[in-house]
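For the sequence shown, numbering that gives the first Met the number 0 assigns the number 0 to the initial residue and increments by one for each residue that follows. Heads up, the thing below is written out as structure tokens.
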Amino acid sequence: MLSFIRSFSFTILPVQLLLIALMIGRGPCRADDPVLHWVSGDNLPGKLVTADKETLSWQSLLFEQPMQIQLADLASVTWPQQERQSIPPGMHVFQMRNGDVLAGVLTGITEDEFYLQTDRHGLVKLLRKQMRLVHSGSQDSQPANASLLYAGPSGLTGWRHPLISSWTEPPGWVEERGGHVTTTRADAVMFRPLQLPDRYEVELILTSTECPSFVFSLGSNTDSSLRLEVWDQTLVAVSNDVFKEVRRLENNTRRLHLMLFVDHVAHRMIVYSESGQQLAELDTRNSSPGNPGLLIRNGSHDLSIEHLTVSQWDGSNFEGVKPEFSRIHLTNGMSYYGQLQAIVGTPDQAILITDDGKQPVKVSEIQGIVSHYANVPERSVSQIAATWSNGELISGEWMKADEKTITVQTLNSIDPIISSIESIQRIRLPATGTEQPLPDRLFFADGTLPGSLTIDNHPTHPILWTPPGGRNAVRLRSGQPARILAGRKGNESDYDADAFPDVIYLRNNDVIPCRVLQCTSQKIQLSSPFFDAVEVDAGVVRAIELANPKQPKKSGGGFSDPNWRRIVGSPDLKPDHVTFRASEAIGHASILNGDVVEFSLSWTENVSANVLLNLFTQIPSNQPGGPAIAFAIRDNTIMVMDGSVDGRRRADDVDTEIKLPAMKARITIFRQGNKLRVSVNGQVAQSFEMDSIDRTSRALLVRASVINRRRSSGIQPPNAVRANGNRVSPNPIEGETFVRLSNLQIRDTVGNSIRHFIDDDAKAITLTVPRFRSEAPATHVLMSPNGDLLRGHLINADETFVRFESQQETLQIERHRIASIIWLTPPPNIPSGAMGSDGTSEQVTGATLVKDEHAIQIVMDQGLAMSLIPGQMDDTALTGTSSVLGNCQIPSGSIREIFSGQWNSDENFASYTAWDLHHAPDPKWQMPTTDEQVMDLVGEPAPDLSLPMLDGSPFRLSDHSGKVLILDFWASWCGPCTKIMPEYVRATSEFAPEKVMLVAVNLKEKPATVSKFLADRNLAPTTLLDRNGIGATIYGVSGIPCTIIIGPDGFVEAVKVGYQPGAAAELRQIVEKILNGTWKRQASGASPAKPNMPRINP
0 MLSFIRSFSF TILPVQLLLI ALMIGRGPCR ADDPVLHWVS GDNLPGKLVT
50 ADKETLSWQS LLFEQPMQIQ LADLASVTWP QQERQSIPPG MHVFQMRNGD
100 VLAGVLTGIT EDEFYLQTDR HGLVKLLRKQ MRLVHSGSQD SQPANASLLY
150 AGPSGLTGWR HPLISSWTEP PGWVEERGGH VTTTRADAVM FRPLQLPDRY
200 EVELILTSTE CPSFVFSLGS NTDSSLRLEV WDQTLVAVSN DVFKEVRRLE
250 NNTRRLHLML FVDHVAHRMI VYSESGQQLA ELDTRNSSPG NPGLLIRNGS
300 HDLSIEHLTV SQWDGSNFEG VKPEFSRIHL TNGMSYYGQL QAIVGTPDQA
350 ILITDDGKQP VKVSEIQGIV SHYANVPERS VSQIAATWSN GELISGEWMK
400 ADEKTITVQT LNSIDPIISS IESIQRIRLP ATGTEQPLPD RLFFADGTLP
450 GSLTIDNHPT HPILWTPPGG RNAVRLRSGQ PARILAGRKG NESDYDADAF
500 PDVIYLRNND VIPCRVLQCT SQKIQLSSPF FDAVEVDAGV VRAIELANPK
550 QPKKSGGGFS DPNWRRIVGS PDLKPDHVTF RASEAIGHAS ILNGDVVEFS
600 LSWTENVSAN VLLNLFTQIP SNQPGGPAIA FAIRDNTIMV MDGSVDGRRR
650 ADDVDTEIKL PAMKARITIF RQGNKLRVSV NGQVAQSFEM DSIDRTSRAL
700 LVRASVINRR RSSGIQPPNA VRANGNRVSP NPIEGETFVR LSNLQIRDTV
750 GNSIRHFIDD DAKAITLTVP RFRSEAPATH VLMSPNGDLL RGHLINADET
800 FVRFESQQET LQIERHRIAS IIWLTPPPNI PSGAMGSDGT SEQVTGATLV
850 KDEHAIQIVM DQGLAMSLIP GQMDDTALTG TSSVLGNCQI PSGSIREIFS
900 GQWNSDENFA SYTAWDLHHA PDPKWQMPTT DEQVMDLVGE PAPDLSLPML
950 DGSPFRLSDH SGKVLILDFW ASWCGPCTKI MPEYVRATSE FAPEKVMLVA
1000 VNLKEKPATV SKFLADRNLA PTTLLDRNGI GATIYGVSGI PCTIIIGPDG
1050 FVEAVKVGYQ PGAAAELRQI VEKILNGTWK RQASGASPAK PNMPRINP
């Protein structure tokens, strides 16, 4: 009687092979390679070869020859981030008016120039009229009598978050040219510790693209310190809960230049304008700074700190800034407001001129110079800016560059400056070009790059790539792992699905439409629109999916369906999109009737939003179940996260924040095995395990929470009220804020989806070879449209019937009742014959595919994929050859992706890969009811074991013969197991891995649970997943921990059950004796006394 092994049968989101092998392994790019950045936001690791005023030459290991790129299309070149190098004491830092920063020893002064001797640029003669600020190299270790306490800002060095001192840089702030710091993040805060004397003066210049909104505090406690704040466009000085209005800020105010003088002896703080006008005086008696230092907090717009100095104050009156005067600080602690006059012929000395007279001064006695601050000169669009790890910056016209130096004509010197690129961090380029739409995009291990794809008949490097601004097309190196997302090359030309309704799956991950005419266990006769071959050897085939003319295809999506419901709030529901403006939700009870969910997300500026999708849930429901995927949105970034309520599902990846070129993204959700994989703009961003779902549900729930960051921020005084008694409130923010979901598609990929939903237990039983069939195991499995499985032997198939032998009975089944014919991988010790179980790519040797290093794989619409050696491509078709399929031709309009190199290295992304047979365990006559049964294995050949590893890849015990193998059966809930596991890992790590291997066999736990347990304990043994207890059954294990030691000859040498102190040391001794030949195994069945142990749940 024909009996099928029953499995669940419903369809949700199976993986589309459109994204086969997206997670490419590390490519040729090294971690210490520089990176070239385009104006489009794309980048490419490599090496700077040469450059001139118009063109940069860049060599990437992805390509055979250097790229020649127009400078206007490039944004920057960056080098790997180095630890910030401090400028040693004794050296001076020159900050110029245009933002340049140079470090060296001040050796001389002339009428027009400062002489600066540097290590990186040689002797530089800086124009005095361009100098803004000079200070000593190390500001964190000033002498006790120093008059200049802080001069900057010089980048973010020394600044941190006021509450979290372990953060080396304050979040939300970035360095700009000349050391200026800026932020666009509302409420961004930074703090610099600084011991402040009883009397000091502060000069502060801030700018913003809107009316400035900020807090500047002389201490970390912003509730009780001395500080300046902006309340509703009014600048106020505050001391604890006492405040004085400084000035009203007009709507067009963009820059503030203020002088603060603090005298704690006289208990006063005076605020002046730069012209010397007193704006406010405040009593300081009630102030409490907290930690002494400088704190700056942004309001609701952007904020830039262009100038900030703190110096000793002698208590004299401030009479305003004199443009021709500078504040000159000497090493003896004295400071003067005056001019430096050069002495002709004696550059190492100068005359200091003040209102009180003249005095000589040696150049070596100058600690710092603070000149009158003028606006930063406008930077020419053709200028570049180079920065080094010690904070130096040089900008100007790029003259030339090579691998060792750059030459820049700067405003600060008459002669060009030639600088070494040693310790360089970044060269910012003109970036005057505009982003041009390009049809194709190259993905590689370290990023992506748009461009134009060309394929010719070059014998070894047929793929040509022209990047943005490229003046030449460069050849992609053969064998390099890369993926190309191809634009349409003319009108799309789909094949006739009615003429070619079937799908063949090859062992190199190809998925090709065809019409199967005849099929046996050895040969498949077929026709296809994409290749000329009419017969394919079954050894290269994984499976065939047969069309069911009675099953209609599914497609749909959009929001025009009347079954969409508003669940929470009033989202704006239109036929082609839904718009969320607050905490709102919509749902559809039956829309998930396809394989793939795709949609577009877009949002407005100043949005912080969370969008949560619940799949296969219940509507309505207070606590929606099913898999949940969350998208966190802020500015031009999106983060993909596990959105489950209980948090039990864990994401594979940690770093999921994706930078986007614009505030929009195309999202694809699809299923791979028991996982949901999520891609953003064509790149896999995250994957989640699907623990359990309601297999009857087709419901989709979309929830969104949208916040306007500007409206939710804004600085308000903690306890202050106006004189008229009205509380200060922030300005209202105009403009609409929303998140929009559009272009929703629910669709099928090619073939049928039932293969993804076969019950694990049913599949495991199907793949277990009964003992009486061990000499002639099944070679094929038939899968019905509802997921039932039948194992046996394929006799033949034609366009009407499938003839199949199962349980010594020959069956003739109508072809439309069969969804798939699957070729099985034989169990250990059974020759594969014509099955080709280890085939990989392009040339056939007998029944095995052999990869050709020049082959590429083409991925088309609907998840189709085909490998070939390319010949030529035009707007009509790509032609090529395959030794399996003959001459090949693919319509150019159907090409979506091209994979080169290790494009088929990850079998976890392919279909029909885990259909490996394994033998059922031999019976144990007079099997004891306790754990003595496992002791009977001592002295016996170790049964072979085939289980998936933690990363999903297959593991077969017999592949590791010749080693001492330690099988440790365990579970994370087992207390003794958690004690012995780390000890075993340490004990076995002392042996060479080619001689000894610890194999941790986890029993009946989810991969996420196992991964978390190992990661939390920093353990990384070879780990197998025995989800169904098959391995434990084979070895007769019923109590854990259970450790089985197998010798290099494959015989079981010892068995240890339970946990006892010193077990790891005993294990180490046994392994040592096995390796040196002195081990004498214990008699079979002699079981030592053992403690109680956890039992394995049946």
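A virtual CB, placed ideally from N, CA and C, is assigned to each residue, including glycine. Remember, it's a predicted structure, so these values are computed and weren't measured experimentally.
Between the C-alpha atoms of Val-1000 and Leu-964, what's the straight-line distance to the nearest angstrom?
Whole-angstrom Cα-Cα distance: 12 Å.
Identify the residues that DSSP records as bridge partners of Phe-615: which are they?
Residue pairing of Phe-615 in beta bridges, as defined by DSSP: absent, with no partner found.
For Ala-236 and Glu-202, I'd like the C-alpha separation in whole angstroms.
Taking the CA atoms as reference points, Ala-236 sits about 15 Å from Glu-202.
Looking at the structure shown, is Val-1036 part of a helix, part of a strand, or coil, going by DSSP?
Of the three classes helix, strand and coil, the one that applies to Val-1036 here is coil, per DSSP.
To the nearest whole angstrom, what separates the beta carbons of Ser-893 and Thr-875, a pair I think is in contact under 8 Å?
About 11 Å separates the two Cβ atoms, so there is no contact after all.
Just how far apart, CA to CA, sit Thr-433 and Gly-469?
Each residue's Cα considered, the two are about 14 Å apart.
Using 7 Å as the threshold, is the C-beta distance between Thr-616 and Leu-675 below it?
With respect to Leu-675, Thr-616 sits apart: the two C-beta atoms are not nearer than 7 Å.
Only counting the same chain, and skipping five residues up and downstream in sequence, which positions put a Cβ closer than 7 Å to that of Trp-1078?
Cβ within range, chain order: Glu-1052, Ile-1069, Lys-1072.
Check Ser-363 in the structure and name its three-state DSSP category.
Shown here, Ser-363 sits in a helix according to DSSP, grouped into three states.
Can you tell me whether DSSP reads Pro-415 as helix, strand or coil?
Looking at Pro-415 - three-state DSSP - the assignment turns out to be coil, as it is neither helix nor strand.
Rounded C-alpha distance that separates Leu-339 from Thr-345:
So the two alpha carbons sit approximately 13 Å from each other.
Just list the residues that DSSP pairs Leu-1170 with in beta bridges.
Outside the displayed range of the chain (0 to 1097) lies residue 1170, so it cannot be described from this structure.
Judging by CA-CA distance, which residue of Ala-498, Gln-80, Lys-52 is the nearest neighbour of Leu-70?
When only C-alpha atoms are compared, the closest one is Lys-52.
Distance, Cα to Cα, Glu-982 vs Leu-944?
Cα to Cα, the separation comes out at about 24 Å.
Alpha-carbon to alpha-carbon, Leu-43 and Asn-285
Each residue's alpha carbon lies about 56 Å from the other.
Cβ neighbours of Ser-451 in the same chain (closer than 7 Å, five flanking residues each side left out)
Within the same chain, Ser-451 has close Cβ partners Leu-437, Pro-438, Asp-439, Thr-465.
Could you tell me which of Leu-122, Met-189, Pro-940 sits nearest to Gly-1046, measuring between CA atoms?
Checking every option, the nearest Cα to that of Gly-1046 belongs to Pro-940.
Among Ser-1010, Glu-1065, Asp-958, Ile-1033, whose alpha-carbon lies nearest the alpha-carbon of Arg-1102?
Since the first residue of the chain shown is 0 and the last is 1097, residue 1102 is not available in this structure.
Going by C-alpha to C-alpha distance, which of Ile-812, Phe-529, Ile-295 sits closest to Ile-794?
Nearest of Ile-812, Phe-529, Ile-295 to Ile-794, Cα basis: Ile-812.
Here's the rule: buried if 16 or more other CB atoms are within 10 angstroms of the residue's CB, otherwise exposed. What is Gln-64?
Residue environment analysis places Gln-64 among the exposed positions, since fewer than 16 neighbouring C-beta atoms fall within 10 angstroms of its C-beta.
Just checking my contact of Leu-132 with Ser-303 at CB under 8 Å: how many whole Å lie between their CB atoms?
Rounded, the Cβ-Cβ distance is 16 Å, inconsistent with contact.
Just checking: is the beta-carbon of Thr-459 within a distance shorter than 7 Å of some beta-carbon in chain C?
Included in the structure is just one protein chain, with no chain C present.
Span of the alpha helix (DSSP H) holding Lys-962?
In the DSSP annotation of this structure, Lys-962 is not part of any alpha helix (DSSP H), being labelled neither H nor E.
Taking C-alpha atoms, which residue in Met-934, Phe-213, Asp-301, Val-34 lies nearest to Leu-227?
Per the C-alpha coordinates, the member of Met-934, Phe-213, Asp-301, Val-34 positioned closest to Leu-227 is Phe-213.
Within 10 angstroms of its Cβ, does Thr-519 collect 16 or more other Cβ (buried), or is it exposed?
Exposed, because fewer than 16 other Cβ atoms sit within 10 Å of the Cβ of Thr-519.
Alpha carbon to alpha carbon, what distance is there between Trp-822 and Pro-769?
Distance between the alpha carbons of Pro-769 and Trp-822: 18 Å.
In whole angstroms, give me the CA-to-CA distance for Arg-648 and Ala-1007.
Because the pLDDT at Arg-648 is just 39, under 50, the model does not fix this residue reliably, and the point stays unresolved.
Would Val-309 and Tyr-199 be called neighbours here (beta carbons separated by less than 7 Å)?
By the CB criterion at 7 Å, Val-309 and Tyr-199 fall inside the cutoff.
Which residues does DSSP list as the beta-bridge partners of His-134?
DSSP lists Val-92 as partners of His-134.
Check whether the region 73-82 and the region 419-430 touch, using three or more Cβ-Cβ pairs below 8 Å as the test.
They touch, by the three-pair rule.
Going by DSSP, what residue range makes up the alpha helix (DSSP H) through Ile-1069?
Note, Ile-1069: alpha helix (DSSP H), 1062-1075.
Rounded to whole angstroms, what is the Cα-Cα separation between Asp-641 and Ala-627?
Here the alpha carbons of Ala-627 and Asp-641 stand approximately 6 Å from one another.
Can you tell me which residues form a DSSP beta bridge with Asn-1001?
According to DSSP, Asn-1001 shares a beta bridge with Trp-969, Leu-1024.
Leaving out five residues before and five after Gly-289 in sequence, what residues of the same chain have Cβ atoms less than 8 Å from its Cβ?
Gly-218, Ser-219, Asn-220, Ser-223, Ser-224, listed in sequence order.
In the DSSP assignment, find the beta strand (DSSP E) that holds Lys-124 and state where it starts and stops.
Segment 122-126, the beta strand (DSSP E) holding Lys-124.
Determine whether the beta carbon atoms of Leu-147 and Leu-293 lie at a separation below 7 Å.
It is not a contact, given that the beta carbons lie outside the stated cut-off.
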